[in-house]
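Residue 113 is where the sequence shown starts when you use the numbering used here, and the numbers rise one by one after that. Glycine is no exception: its CB is placed at the ideal position from the N, C-alpha and C atoms.
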Amino acid sequence: MSHEKFVYVTYIATTPQKVWKALLEGELTRQYWQGENLSDWKPGSKWEHVSVDGKRTVRVVGKVLESVPNKRLVLTWGNAADAADPSKHSRVAIDIETVGEMVCVTVTHNDLSADMRRTISNGWPRVLSSLKSLLETGHPLDIYACSSH
């Protein structure tokens, strides 16, 4: 892995509690991320991002490094094929901060390979835009409707 990182910031008209719930609870992640994040969310526990395409394919795996409800979630992040090789995992931190009547969500994804950088540079903006739409309007975006950009 390189020391390259990707940072994405968005502002959402909601509460930190609703963002936190949306990051962790399958009922919500299925809507805006078209998958479920599965874990007990305790530091040291494993987590998985599982598709809801009927096959329940594990797409991303890792460990919970830090979990501060309504404030910060830090995970290792790897392709399911690399589950047994933590040296191929990157690190993602999701910080949640109240700014006036909004919530600032900052995703910082570190230690990226070139392939992972390409994937998450396209993925995080789509996922977080869909999260923002869901929390502000009640309707997520179809994040796979456009395959370019």
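Unbroken beta strand (DSSP E) run spanning residue i, endpoints
i           : result
residue 231 : It is not in any beta strand (DSSP E) - residue 231 instead sits in the alpha helix (DSSP H) that spans 226-249.
residue 175 : 170-180
residue 121 : 118-124
residue 185 : 184-191
residue 150 : 147-150
Simplified DSSP assignment, three categories, for residue i
i           : result
residue 212 : coil
residue 207 : strand
residue 163 : strand
residue 157 : coil
residue 261 : Reliability fails at residue 261, whose pLDDT of 46 lies under 50, so the model's placement of it is uncertain and the value that follows must be treated cautiously. Looking at residue 261 - three-state DSSP - the assignment turns out to be coil, as it is neither helix nor strand.
Closest by C-alpha distance to residue i, when choosing among the options
i           : options            : result
residue 217 : 131, 167, 149      : 131
residue 213 : 162, 175, 124      : 124
residue 115 : 222, 243, 232      : 222
residue 195 : 236, 173, 142      : 173
residue 122 : 227, 157, 226, 245 : 245
residue 129 : 183, 119, 148      : 183
residue 231 : 191, 247, 248      : 191
residue 243 : 137, 225, 201      : 137
residue 177 : 224, 240, 204      : 204
residue 236 : 219, 148, 202, 175 : 219
residue 117 : 226, 163, 238, 181 : 226
residue 224 : 161, 201, 162      : 201
residue 163 : 185, 180, 139      : 139
Outcome for residue i when other beta-carbon atoms lying within 10 angstroms are tallied against a minimum of 16
i           : result
residue 166 : exposed
residue 126 : buried
residue 169 : exposed
residue 188 : buried
residue 134 : buried
residue 199 : exposed
residue 157 : exposed
For residue i, the first and last residue of its enclosing alpha helix (DSSP H)
i           : result
residue 138 : 138-144
Residue i at chain D interface by Cβ criterion, 7 Å
i           : result
residue 179 : Protein chains in the displayed structure number just one, and chain D is not present.
Next on the checklist: Check whether the segment 140-153 and the segment 201-208 are in contact - that is, three or more C-beta pairs closer than 8 Å.
Outcome noted: no
Checklist entry - Are there three or more Cβ pairs, one per stretch, closer than 8 Å when the segment 237-255 is compared with the segment 129-145? => result yes
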